[in-house]
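Q: Which chain is which? The protein sequence lines are A and B, in order. Per this note's numbering, numbering through the first sequence is continuous, rising by one, with the last residue being 76. Per this note's numbering, numbering through the second sequence is continuous, rising by one, with the last residue being 674. Next up is a structure, given as structure tokens.
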Amino acid sequence: MWRTKTLGDLRPGQSGVVLRVSGQGALKRRLVDMGITPGVAIFVRKKAPLGDPIEVNLRGFALSLRRDDAVKIEME
Amino acid sequence: MGAPDGKVIALVGNPNCGKTTLFNALTGSQQYVGNWPGVTVEKKEGRMKEGGLRVMDLPGIYSLSPYTMEEIIARDYILDGGPDLLLNIVDGTNLERNLYLSLQLLELGLPTVIAVNMMDDVRAKGDQIDCGMLSQGLGVPVIPITARRGENLPALLSAVEDCLQRGRGPARRIRYDDATERAMGRMERMLNQQGVDFGGRNRFYLPKLLEDDGEIKDRLALSEEARRQMEQIVQDYEATSRYGDRETMVADARYRAITELCGEAVIKNQRPGAMTLSDKIDRIATSRIFALPVFLFLMFLMFSLTFGPVGRVLGEGVEALMAAVGNGVRTLLDAACASPWTYSLLLDAVVAGVGAVLSFLPQIMLLFFFLSLLEDSGYMARAAFIMDRLLRKLGLSGKSFIPMLMGFGCTTPAVMAARTMENEKERRMTIMLTPFMSCSARLPIYALFASIFFPRYTGLVIFAMYLTGMLVAILCGLLLKKTVLKEDNSTFVMELPPYRLPTLKSMGLHMWDKCKGFLIRAGTLIFLMTVLIWLLQHFDFHLRMVDDMSQSIFAVAGSTLAPVFAPLGFGFWQASVALLTGLVAKETVVSSFMLLYGCADKAALGGILATAFTPLSALSFLVFVLLYMPCVSAFASICREMNSFKWAGATVALQMGAAYLGSLLVFQVGSLLL
Chain A
1 MWRTKTLGDL RPGQSGVVLR VSGQGALKRR LVDMGITPGV AIFVRKKAPL
51 GDPIEVNLRG FALSLRRDDA VKIEME
Chain B
1 MGAPDGKVIA LVGNPNCGKT TLFNALTGSQ QYVGNWPGVT VEKKEGRMKE
51 GGLRVMDLPG IYSLSPYTME EIIARDYILD GGPDLLLNIV DGTNLERNLY
101 LSLQLLELGL PTVIAVNMMD DVRAKGDQID CGMLSQGLGV PVIPITARRG
151 ENLPALLSAV EDCLQRGRGP ARRIRYDDAT ERAMGRMERM LNQQGVDFGG
201 RNRFYLPKLL EDDGEIKDRL ALSEEARRQM EQIVQDYEAT SRYGDRETMV
251 ADARYRAITE LCGEAVIKNQ RPGAMTLSDK IDRIATSRIF ALPVFLFLMF
301 LMFSLTFGPV GRVLGEGVEA LMAAVGNGVR TLLDAACASP WTYSLLLDAV
351 VAGVGAVLSF LPQIMLLFFF LSLLEDSGYM ARAAFIMDRL LRKLGLSGKS
401 FIPMLMGFGC TTPAVMAART MENEKERRMT IMLTPFMSCS ARLPIYALFA
451 SIFFPRYTGL VIFAMYLTGM LVAILCGLLL KKTVLKEDNS TFVMELPPYR
501 LPTLKSMGLH MWDKCKGFLI RAGTLIFLMT VLIWLLQHFD FHLRMVDDMS
551 QSIFAVAGST LAPVFAPLGF GFWQASVALL TGLVAKETVV SSFMLLYGCA
601 DKAALGGILA TAFTPLSALS FLVFVLLYMP CVSAFASICR EMNSFKWAGA
651 TVALQMGAAY LGSLLVFQVG SLLL
């Protein structure tokens with residue numbers, strides 16, 4: 001089955017462009033407030049040593065978020 | 001020219017933008033500076049060194065959307081508290097995201113000055129920011145500063161005074177994309193027809209309504225009809241974009257406006273995605289191979305320095321000082337021909353009791369020195385990043401890690417450290433579990449009992465106690481997660497701030513702040529409690545002083561309580577009383593046994609305890625000591641942080657229940673096996 005590509009699918013060292021932020025409520029609000037908006041480029045810097053969360057770079061700063069949160073961010 | 005007295009300036013900005021540093025520089029007040037996102041949860045106020053302006057330090061926030069407790073506090077204050085001027089501080093090295101908040105602030109129409117901070121870092125990176133152009137685009141004064149070095153603060157102050165005197169808001173308004181402007185225009189006309197009163201804040205309310213801010217709708221008391229018509233406008237708005245959702249579209253509109261502005265005013269030296277110094281440090285500090293060793297090494301270093309030789313020597317210094325004070329008091333009492341009970345009260349209770357607690361001061365200072373070093377440098381956020389996965393399994397998050405770690409030192413500050421957590425559920429859970437981390441005050445009790453009953457395995461027994469505490473915390477965490485605190489809306493979205501070299505001044509202010517709190521507590525609460533215990537130890541119910549301590553109020557209360565502990569193996573009044581006194585400070589359990597059995601030294605006490613306890617009941621007693629309610633000072637801070645008697649009560653019930661069950665299990669199962 002075809003599935004949308006999300007930020008959770010990117011491996012460390014890869015980057016992509018945000019298509020939209022799905023989901024709702026506080027998490028979505030926080031993600032868009034932090035500048036994860038359509039068209040913005042996100043670079044996945046690394047995974048935490050235990051595999052989760054991940055560290056990403058966007059708009060010139062570093063953000064960490066869990067994989068569960070990252071899959072809410074759809075990529076082009 | 002001086003600004004009029006009593007005017008209020010609100011300091012607003014993102015977490016980690018140096019807001020608190022600026023606050024300290026402006027007011028010279030004691031205020032903690034941290035790198036942990038959202039460290040100032042309380043509203044702090046100060047008075048400007050010159051001029052008499054009042055400065056309000058608001059929590060660090062990313063947006064004016066009510067998402068976390070901090071954002072609600074800050075927004076309510078800005079909307080209803082009536083500051084005369086907003087001083088918006090933005091991190092020059094992270095301009096885009098910082099300006100996102102600025103746009104929302106400007107829409108309030110209040111007199112506003114923007115300070116672009118960290119200009120030294122901006123220059124070091126080779127970037128350029130044209131503040132004149134930013135000022136033109138935003139319609140308010142924009143002043144470049146470096147708060148840490150006090151650079152350009154006079155210019156900032158005169159801009160603030162100027163702006164206050166004119167008392168006018170931004171000179172121009174930000175224009176968003178056509179679709180957003182059209183939707184807001186339609187909404188404004190419709191709501192005007194409906195007779196909605198914006199109170200002159202149209203420009204703030206309209207985007208908030210467009211992005212679906214429920215609280216704003218309530219604030220404006222919108223009618224059913226207005227809400228219905230608004231939904232229609234929003235539907236049309238969403239249809240103009242392929243993303244098709246209002247929240248994203250409004251945020252996008254704001255970021256677009258910012259990108260446009262920055263495109264003209266900011267020249268970046270580095271290409272995007274290049275390795276910064278922080279990235280290079282993180283290549284080791286959060287790498288797959290080295291992260292855990294580095295982390296464990298730092299923790300080991302911190303604890304061995306705090307609780308090892310350095311802390312101990314300093315602690316002994318304080319003890320020596322208190323002994324000298326005791327001698328001084330004795331000399332004075334001799335001179336005054338004081339009665340015997342005065343000697344006993346002042347020397348045994350006040351000097352000895354308060355002194356025992358004060359001897360922890362150096363260790364507490366050291367602990368906070370290292371903790372503020374870790375926080376201000378930015379490593380704490382990395383520790384949370386590394387530990388999140390593990391802690392999440394217990395219903396906690398990476399951010400719970402710091403309080404839990406501090407719990408091994410002292411529960412009281414550890415509980416306070418949980419303040420920085422944004423998720424209420426996780427914060428409560430962290431506060432409930434932190435007391436299970438065996439604090440340093442429990443160590444003397446383990447050491448005494450282990451040396452009497454398990455002389456060959458002292459280290460092992462003590463280590464087992466620490467492990468038992470962690471194990472119980474894990475079990476309780478799982479239990480709570482499955483029962484009362486189960487709804488899992490937990491997320492972990494945390495900024496990893498750049499590493500920064502902390503200044504000695506800010507660490508000094510932080511340490512002094514914590515020690516001041518501790519000293520005040522030692523001088524008031526602990527002082528009163530030691531006097532109270534002394535009274536209970538030396539008087540009977542007829543308020544007569546007793547020679548034989550077994551007649552005292554404490555002994556009677558202890559005997560009443562003793563049967564409760566019989567199933568645990570220590571159902572005699574001395575043990576009950578010792579545990580009761582342990583509520584003041586756990587380390588007093590040892591000194592209480594000495595007082596109660598009338599022993600002069602630890603060797604004599606060892607002989608008596610060896611007959612009162614069996615090895616099994618001793619072990620059961622230790623488990624009880626490990627798990628039962630933290631001391632009154634920890635309890636006081638739990639009450640304050642939970643801000644609810646129900647939750648504070650639940651925490652105590654959890655500790656007591658765990659202690660009783662744990663001891664019962666050890667004693668009864670042990671009795672069956674032996």
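Where a beta carbon is used, it is the ideal one built from N, C-alpha and C, also for glycine. Remember, it's a predicted structure, so these values are computed and weren't measured experimentally.
#1: With distances taken from CA atoms, which of B/123, B/100, B/263 and B/127 is nearest residue 114 of chain B?
#2: Determine the DSSP secondary structure at residue 44 of chain B, reduced to helix, strand or coil.
#3: Under 8 angstroms by Cβ, that's how I've got residue 676 of chain B and residue 435 of chain B pegged, so tell me the actual separation to the nearest angstrom.
#4: Kindly list the residues whose CB is nearer than 8 angstroms to the CB of residue 48 of chain A, restricted to its own chain and excluding five residues on each side of it in sequence; keep chain order.
#5: For the beta strand (DSSP E) holding residue 45 of chain A, just list the boundary residues, first then last.
#6: Assuming residue 264 of chain B and residue 119 of chain B make a contact with CB atoms under 8 angstroms, what is their CB distance in whole Å?
#7: With the cut-off set at 7 angstroms, would you say residue 210 of chain B and residue 250 of chain B are in Cβ contact?
#8: When you compare each of B/147, B/364, B/197 and B/26 to residue 218 of chain B by their alpha carbons, which one comes out closest?
#9: Taking Cβ to Cβ, would you say residue 200 of chain B is nearer than 7 angstroms to residue 111 of chain B?
#10: Secondary structure at residue 267 of chain B, three-state DSSP: helix, strand or coil?
#11: Do residue 16 of chain B and residue 502 of chain B have their C-beta atoms closer together than 7 angstroms?
#12: Assign residue 537 of chain B to one of two classes, buried (16 or more other C-beta atoms within 10 Å of its C-beta) or exposed (fewer than that).
#13: State the Cα-Cα distance for the pair residue 493 of chain B and residue 601 of chain B, rounded to the nearest angstrom.
#14: Is there at least one Cβ from chain A nearer than 7 angstroms to residue 494 of chain B's Cβ?
#15: If the criterion is Cβ atoms closer than 7 angstroms, does the pair residue 32 of chain A and residue 248 of chain B meet it?
#16: So, is residue 313 of chain B buried or exposed, given that buried needs 16 or more other C-beta atoms within 10 angstroms?
#17: Per DSSP, which residues does residue 13 of chain B bridge with? Please list them.
#18: Taking residue 20 of chain A as part of the beta strand (DSSP E), name the residues at either end of that continuous run.
#19: By alpha-carbon positions, which one of B/76, B/309, B/158 and B/146 ends up nearest to residue 48 of chain B?
#20: Whole angstroms is fine: what's the gap from residue 195 of chain B's alpha carbon to residue 225 of chain B's?
#21: According to DSSP, simplified to helix, strand and coil, what is residue 543 of chain B?
#22: Start and end of the beta strand (DSSP E) containing residue 73 of chain A?
#23: Spatial neighbours of residue 306 of chain B within its chain, please: C-beta separation below 7 angstroms, excluding the five flanking residues on both sides.
#24: Taking DSSP's pairing of strands, which residues face residue 63 of chain A in a bridge?
#25: Whole angstroms are fine: how far does the CA of residue 351 of chain B sit from the CA of residue 33 of chain B?
#26: Cα-Cα, which of B/586, B/106 and B/193 is closest to residue 440 of chain B?
#27: Does DSSP classify residue 24 of chain B as helix, strand or coil?
#28: Between which two residues does the beta strand (DSSP E) holding residue 54 of chain B run?
#29: Looking only at its own chain, which residues have a Cβ that is under 6 angstroms from the Cβ of residue 155 of chain B, when we skip the five neighbours before and after it?
#30: For residue 645 of chain B, does the count of other Cβ atoms within 10 angstroms reach 16, so buried, or fall short, so exposed?
#31: Expressed to the nearest angstrom, what Euclidean distance is found between the alpha-carbon atoms of residue 177 of chain B and residue 253 of chain B?
#32: Is residue 445 of chain B buried or exposed, if buried means 16 or more other CB atoms sit within 10 Å of its CB?
#33: Considering only the beta carbon of each residue, do residue 7 of chain A and residue 70 of chain A sit closer than 7 angstroms?
#34: Which residues, in chain order, does the region 369-390 of chain B contribute to contact with chain A at a C-beta distance below 7 angstroms?
#35: Applying the 10 Å Cβ sphere with the 16-neighbour rule, what's the burial state of residue 14 of chain B?
#36: Name the DSSP beta bridge partners of residue 151 of chain B, please?
A: In short, the structure shows the following:
#1: Within the second sequence, numbered from 1, the residue matching residue 114 of chain B stands at position 114. Looking at the Cα atoms, B/100 is the closest of the given residues.
#2: Here residue 44 of chain B refers to the residue found at position 44 of the second sequence. In this structure, residue 44 of chain B counts as strand in the three-state DSSP scheme.
#3: Because chain B in this structure spans residues 1 to 674, residue 676 of chain B falls outside the shown range and cannot be described.
#4: If you number the first sequence from 1, residue 48 of chain A lands on position 48. So the list reads 54, 55 and 64, once near-sequence residues are dropped.
#5: The sequence position of residue 45 of chain A within the first sequence is 45, counting from 1. Looking at the DSSP string, the run of the beta strand (DSSP E) that includes residue 45 of chain A is 41-47.
#6: Taking the second sequence and counting its residues from 1, the one referred to as residue 264 of chain B is at position 264. Taking the second sequence and counting its residues from 1, the one referred to as residue 119 of chain B is at position 119. Residue 264 of chain B to residue 119 of chain B, Cβ: 19 angstroms. No contact.
#7: Locating residue 210 of chain B in the second sequence gives position 210, counting from the first residue. Locating residue 250 of chain B in the second sequence gives position 250, counting from the first residue. Yes. Within cutoff.
#8: Along the second sequence, read from residue 1 onward, the residue named residue 218 of chain B stands at position 218. When only C-alpha atoms are compared, the closest one is B/197.
#9: Here residue 200 of chain B refers to the residue found at position 200 of the second sequence. Here residue 111 of chain B refers to the residue found at position 111 of the second sequence. Not a contact, by the Cβ cut-off of 7 angstroms.
#10: Stepping through the second sequence from its first residue, residue 267 of chain B is reached at position 267. Looking at residue 267 of chain B - three-state DSSP - the assignment turns out to be strand.
#11: The sequence position of residue 16 of chain B within the second sequence is 16, counting from 1. The sequence position of residue 502 of chain B within the second sequence is 502, counting from 1. Taking 7 angstroms as the Cβ cut-off, residue 16 of chain B and residue 502 of chain B do not qualify as a contacting pair.
#12: On the second sequence, residue 537 of chain B is found 537 positions in, with the first residue counted as 1. Result: buried.
#13: As a working note, residue 493 of chain B is residue 493 in the second sequence. As a working note, residue 601 of chain B is residue 601 in the second sequence. Going by the C-alpha atoms only, they are around 55 angstroms apart.
#14: Counting from 1 along the second sequence, the entry for residue 494 of chain B is found at position 494. So, interface residue.
#15: As a working mapping, residue 32 of chain A is identified with position 32 in the first sequence. As a working mapping, residue 248 of chain B is identified with position 248 in the second sequence. Contact: yes.
#16: Residue numbering aside, residue 313 of chain B sits at position 313 when the second sequence is read from its first letter. Answer is exposed; the Cβ neighbour count stays below 16.
#17: Residue 13 of chain B sits at position 13 when you count from the first residue of the second sequence. Residue 13 of chain B pairs with B/89.
#18: For this step, residue 20 of chain A is matched to residue 20 along the first sequence. Per DSSP, residue 20 of chain A belongs to the beta strand (DSSP E) from 15-21.
#19: Locating residue 48 of chain B in the second sequence gives position 48, where the first residue counts as 1. For residue 48 of chain B, the nearest C-alpha among the options comes from B/158.
#20: Residue numbering aside, residue 195 of chain B sits at position 195 when the second sequence is read from its first letter. Residue numbering aside, residue 225 of chain B sits at position 225 when the second sequence is read from its first letter. Computed Cα separation, rounded: 12 angstroms.
#21: In the second sequence, counting from the first residue as 1, residue 543 of chain B sits at position 543. Coil at residue 543 of chain B, not helix or strand.
#22: Here residue 73 of chain A refers to the residue found at position 73 of the first sequence. Here the beta strand (DSSP E) through residue 73 of chain A covers 73-75.
#23: Translated into positions along the second sequence, residue 306 of chain B becomes position 306. So the qualifying residues of the chain are 363, 366, 367, 370 and 409.
#24: The count along the first sequence starts at 1 and reaches residue 63 of chain A at position 63. DSSP output for residue 63 of chain A lists A/56 and B/495 as bridge partner(s).
#25: Walking along the second sequence from the start, residue 33 of chain B turns up at place 33. Walking along the second sequence from the start, residue 351 of chain B turns up at place 351. Confidence is the limiting factor: at residue 33 of chain B the pLDDT is only 44, short of 50, which leaves the residue's position unreliable, though a coordinate-based value still follows. Rounded to the nearest angstrom, the two C-alpha atoms are 35 angstroms apart.
#26: Along the second sequence, one-based indexing puts residue 440 of chain B at 440. When only C-alpha atoms are compared, the closest one is B/586.
#27: Within the second sequence, the letter at position 24 stands for residue 24 of chain B. Helix.
#28: By one-based count along the second sequence, residue 54 of chain B stands at place 54. It spans 54-57 - the beta strand (DSSP E) in which residue 54 of chain B sits, taken as one unbroken run.
#29: Start at 1 with the first residue of the second sequence, and residue 155 of chain B comes out as number 155. Closer than 6 angstroms at Cβ, skipping near neighbours: 143.
#30: Locating residue 645 of chain B in the second sequence gives position 645, counting from the first residue. The residue in question, residue 645 of chain B, is exposed, as its Cβ has fewer than 16 Cβ neighbours within 10 Å.
#31: For the purposes of this step, residue 177 of chain B is taken as the residue at position 177 of the second sequence. For the purposes of this step, residue 253 of chain B is taken as the residue at position 253 of the second sequence. When rounded, the separation of the alpha-carbon atoms in residue 177 of chain B and residue 253 of chain B is 6 angstroms.
#32: Here the question's residue 445 of chain B lines up with position 445 in the second sequence. Answer is buried; the Cβ neighbour count reaches 16.
#33: Position 7 of the first sequence holds residue 7 of chain A. Position 70 of the first sequence holds residue 70 of chain A. Against a cut-off of 7 angstroms, the Cβ pair of residue 70 of chain A and residue 7 of chain A comes out as a contact.
#34: 385, 386, 388, 389 and 390
#35: Along the second sequence, one-based indexing puts residue 14 of chain B at 14. Burial call: buried.
#36: Looking up residue 151 of chain B in the second sequence gives position 151. For residue 151 of chain B, which the question treats as bridged, DSSP gives the partners B/146.
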